[in-house]
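K.L.:
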Amino acid sequence: VWFGVEEGGAWRSRDGGDRWERVDTPDSGIGNSDIHAVAVLLPTADAPRKHLVLTVNTVYESVDDGKTWSGVASRTRFDGMYYTRTVQAVDPQGVQLLLAIGDGTPGTRSRIYRSGDRGASWSAATLHTAPNSTVWAFGAHASDPSLLFAGTKYGHLLRSTDAGRSWFKEWRDFSEIAAVAWTPFEAPVRAHPQSIH
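In this note's numbering, the protein residues as written are 12 to 208.
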C-alpha cells in the first residue's frame, strides 16, 4: 500500500497497513516531501513494476520496488511548467499515462501531458479551451479507456474521447473540483415519494 501526503512525505506499507515506512528519506533520491501523487504501474511482459511519485516540482520513478529513485525536474521536462499535480493510468497496465501540470496553485495556466510508454516520454495534449486553473484530477475507467475526464481547481470539467490526446471543456462549470471518478453504470432516476410528478 502506498500513499502520499502533501508536505508530509511518501509512505508505504508491506503488511496491509499495520506498519508504515517513509519513502522520501534524505538518502532515497526523492528530494522533496511535498507529495502530490503516487502511482504503481503493474509489470508487463516488457517492463517491471514501476512506481511514480510526483512532488510539487519533480516526477520520480523507481523500477526496483522503491529502493532507488530517479527524477527529472518538471520545469525541465514539461516546457517550463513546474507545478506537478497528478498522474493517472489510462489502461490497467499503466502503459498509457496522463499527467497534469500547471504554473502554481490555483494556477492560471495548465497543461495535460500524455505518455504511451509508461512515462519514458511525454507529449502535450491538445486543450481546445484554456483551463481556468491547474488541472487537479483525472477520471478514467478500464471499461472505456478512450473516454476520460479532467477537473481543474476552479471548476472546469474537460472531456476526452480519444484517450487523452485532445480535450474539450464541458458546458457546466463547478466551484472547485478536487477529484473525478466515473463509472459506466447508468444510475436509475426515481422521483422522491413526496415530490410532485
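All residues carry an ideal CB built from backbone N, CA and C; glycine is no exception.
(1) For Asp-45 and Gly-19, I'd like the C-alpha separation in whole angstroms.
(2) I need the straight-line Cα distance from Glu-72 to Arg-183, nearest angstrom please.
(3) On a Cα-Cα basis, can you pick out the residue from Thr-172, Asp-114, Asp-173 and Arg-30 that is closest to Pro-142?
(4) Tell me the start and end of each unbroken beta strand (DSSP E) in the stretch 137-197 that is at least 3 residues and wholly inside, in chain order.
(5) How many Å lie between Arg-170 and Trp-178 at the Cα?
(6) Would you be able to state if there are at least three C-beta pairs under 8 Å between the stretch 53-61 and the stretch 30-37?
(7) Taking Thr-95 as part of the alpha helix (DSSP H), name the residues at either end of that continuous run.
(8) In whole angstroms, what is the alpha-carbon distance linking Tyr-165 and Gly-40?
(9) Taking the beta carbon of Ala-136 as the centre, do at least 16 other beta carbons fall within 10 Å, making it buried, or is it exposed?
(10) Keeping to the same chain, check which residues put their C-beta closer than 6 Å to that of Leu-159; ignore five residues upstream and five downstream.
(11) Return yes when the Cβ of Val-191 is within less than 8 Å of the Cβ of Ala-131, no when it is not.
(12) Taking buried to mean at least 16 other C-beta atoms within 10 Å of its own C-beta, is Trp-193 buried or exposed?
(13) Going by CA-CA distance only, name the one from Ser-154, Trp-133, His-167 and Ser-126 that's closest to His-139.
(14) Which residue comes first and which comes last in the alpha helix (DSSP H) that contains Thr-87?
(15) I'd like to check one pair, Phe-185 with Trp-133: are the Cβ atoms closer than 8 Å?
(16) Mapping the DSSP letters down to three states, classify Val-67 as helix, strand or coil.
(17) Between which two residues does the beta strand (DSSP E) holding Trp-13 run?
(18) With 16 other CB atoms within 10 Å as the buried threshold, where does Arg-125 fall?
(19) Does DSSP put Lys-61 in a helix, in a strand, or in coil?
(20) In three-state DSSP terms, what is Gly-28?
(21) So the candidates are Met-92, Val-12 and Ala-111; which of them puts its Cα closest to the Cα of Gln-99?
P.N.:
On the basis of the data shown:
(1) Start at 1 with the first residue of the sequence shown, and residue 45 comes out as number 34. Start at 1 with the first residue of the sequence shown, and residue 19 comes out as number 8. Taking the straight line joining both Cα atoms gives about 6 Å.
(2) Mapped onto the sequence shown, residue 72 falls at position 61. Mapped onto the sequence shown, residue 183 falls at position 172. Glu-72 and Arg-183: Cα-Cα distance of roughly 36 Å.
(3) Residue mapping note: residue 142 aligns to position 131 of the sequence shown, counting from 1. Answer by Cα proximity: Asp-114.
(4) 146-150, 159-163, 167-171 and 177-184
(5) Within the sequence shown, the letter at position 159 stands for residue 170. Within the sequence shown, the letter at position 167 stands for residue 178. C-alpha separation (whole angstroms): 5 Å.
(6) In short, these stretches do not touch, since the Cβ pair count stays below three.
(7) For the purposes of this step, residue 95 is taken as residue 84 along the sequence shown, with counting starting at 1. Where Thr-95 is concerned, there is no enclosing alpha helix (DSSP H), although the beta strand (DSSP E) it sits in stretches over 94-100.
(8) As a working note, residue 165 is residue 154 in the sequence shown. As a working note, residue 40 is residue 29 in the sequence shown. Going by the C-alpha atoms only, they are around 33 Å apart.
(9) Taking the sequence shown and counting its residues from 1, the one referred to as residue 136 is at position 125. Classification of Ala-136: buried, given that the 10 Å Cβ count is 16 or more.
(10) Taking the sequence shown and counting its residues from 1, the one referred to as residue 159 is at position 148. The beta carbon of Leu-159 sits closer than 6 Å to the beta carbons of Ala-151, Ser-171 and Gly-175 from its chain, once the five residues preceding and following it are set aside; these are given in chain order.
(11) On the sequence shown, residue 131 is found 120 positions in, with the first residue counted as 1. On the sequence shown, residue 191 is found 180 positions in, with the first residue counted as 1. In this structure, Val-191 does not lie closer than 8 Å to Ala-131 by Cβ.
(12) Your numbering for residue 193 matches position 182 in the sequence shown. Under this definition Trp-193 is an exposed residue.
(13) Within the sequence shown, residue 139 is the residue found at index 128, counting from 1. The candidate whose alpha carbon is nearest that of His-139 is His-167.
(14) For the purposes of this step, residue 87 is identified with residue 76 of the sequence shown, where counting begins at 1. Where Thr-87 is concerned, the enclosing alpha helix (DSSP H) starts and stops at 85-88.
(15) Here residue 133 refers to the residue found at position 122 when the sequence shown is read from its first residue. Here residue 185 refers to the residue found at position 174 when the sequence shown is read from its first residue. No; because the gap between Cβ atoms is not below 8 Å, this pair is not in contact.
(16) Locating residue 67 in the sequence shown gives position 56, where the first residue counts as 1. Coil at Val-67, not helix or strand.
(17) Walking along the sequence shown from the start, residue 13 turns up at place 2. Where Trp-13 is concerned, the enclosing beta strand (DSSP E) stretches over 13-16.
(18) As a position in the sequence shown, residue 125 is number 114, starting the count at 1. Counting Cβ neighbours within 10 Å, Arg-125 comes out buried, since at least 16 surround it.
(19) Residue mapping note: residue 61 aligns to position 50 of the sequence shown, counting from 1. Lys-61 falls in the strand class under three-state DSSP.
(20) Here residue 28 corresponds to residue number 17 of the sequence shown, with the count starting at 1. Judged by DSSP in its simplified three-state form, Gly-28 adopts coil rather than helix or strand.
(21) By 1-based counting over the sequence shown, the position of residue 99 is 88. The shortest C-alpha to C-alpha distance from Gln-99 to any of Met-92, Val-12 and Ala-111 is the one to Ala-111.
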